[in-house]
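To start, the structure itself, in structure tokens.
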Amino acid sequence: MAEERSHKTTANRIAKKLGTETQNEGPDIKTPKMTVEVETAASMPEGLGQLRGYRGSVYIAGTNQEAVQKALDATANTTVGVMDNQGNIVKKSTRK
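Numbering-wise, the sequence shown is residues 2 to 97 according to our numbering.
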């Protein structure tokens, strides 16, 4: 329950920062130039799979420091970027 709440809180915070709303299906946040999937430390492996096929910058946002570190480990040598729970870019996406 706490993980679900932190996921929702993080998704809403980042969506507000990007000037959009969260989505019910697909990635958590989608703008014309960016796609963001919010993941907890436990659900991190699913995040990369959910971002397959999206064009433009793609990011995994971790709900806490542990999740951000797991995201950095999982996205090493990939085009997927990483954000913290405030929407700050920790690793820039290189996908075009």
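Yeah, the Cβ is synthetic: ideal placement off N, Cα and C, and Gly gets one too.
These numbers were taken from a predicted model, which means no experiment stands behind them.
V39 is bridged by DSSP to A62. Counting the other Cβ atoms within 10 Å of the Cβ of T64 gives 16 or more, which makes it buried. Your pair A75 and L49 checks out as a contact, with CB atoms roughly 6 Å apart and the cut at 8 Å.
DSSP lists V37 as the beta-bridge partner residues of I30. Assignment of V91 by DSSP, reduced to helix, strand and coil, places it in the strand class. Per DSSP, G54 is not a residue of any beta strand (DSSP E), being assigned neither H nor E.
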